[in-house]
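> One structure is given below, represented as structure tokens, and several questions about it will come after.
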Amino acid sequence: MPVEMYRCFQESSKLKVFGGGDRVCFSAKRLGKLALWVDCGGDTSCWRWIDGAPCGVGSGGDGLWRGFVFEATLTALP
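Heads up, the sequence shown is in the numbering used here, so the first residue is 7 and it goes up one at a time.
Laid out in structure tokens, this is it:
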């Protein structure tokens, strides 16, 4: 993680890491955005911010801090 991103997480006592494959997200309760790491192949890794994700700030403390909200529905039967 780049130093400037790491500094944003320093004051957070809890950090959540989730993802899979070649993408990993880092979330903290008091941070209003996610840090996304993408394996770009070889020795290269790409880091970027995802703004506007429901990470806890302004969302009542829930959102991606507790996991993704998944609303499953059944639309048709075979």
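Just so you know, even glycine gets a beta-carbon here, dropped at the ideal spot from N, CA and C.
Take Cys52 as the anchor and find which of Lys35, Arg29, Arg36, Ser19 has the nearest alpha-carbon.
Reading the sequence shown from its first residue, position 46 is the one you call residue 52. Nearest C-alpha to Cys52: Arg29.
> Only counting the same chain, and skipping five residues up and downstream in sequence, which positions put a Cβ closer than 8 Å to that of Trp55?
Counted from its first residue, the sequence shown places residue 55 at position 49. Result list for Trp55: Met11, Lys39, Leu40, Ala41, Leu42, in chain order.
> Check each candidate in Pro8, Val9, Arg36 and name the one with the smallest Cα separation from Leu21.
Sequence index remark: in the sequence shown, residue 21 carries index 15 (1-based). Ranking Pro8, Val9, Arg36 by Cα distance to Leu21 puts Arg36 first.
> For the alpha helix (DSSP H) that contains Cys14, what are its first and last residues?
Position 8 of the sequence shown, counted from the first residue, corresponds to residue 14. First-last of the alpha helix (DSSP H) with Cys14: 9 to 15.
> Report the option in Gly27, Gly26, Thr50 whose CA atom is closest to the CA atom of Pro8.
Walking along the sequence shown from the start, residue 8 turns up at place 2. Cα-wise, what sits closest to Pro8 is Thr50.
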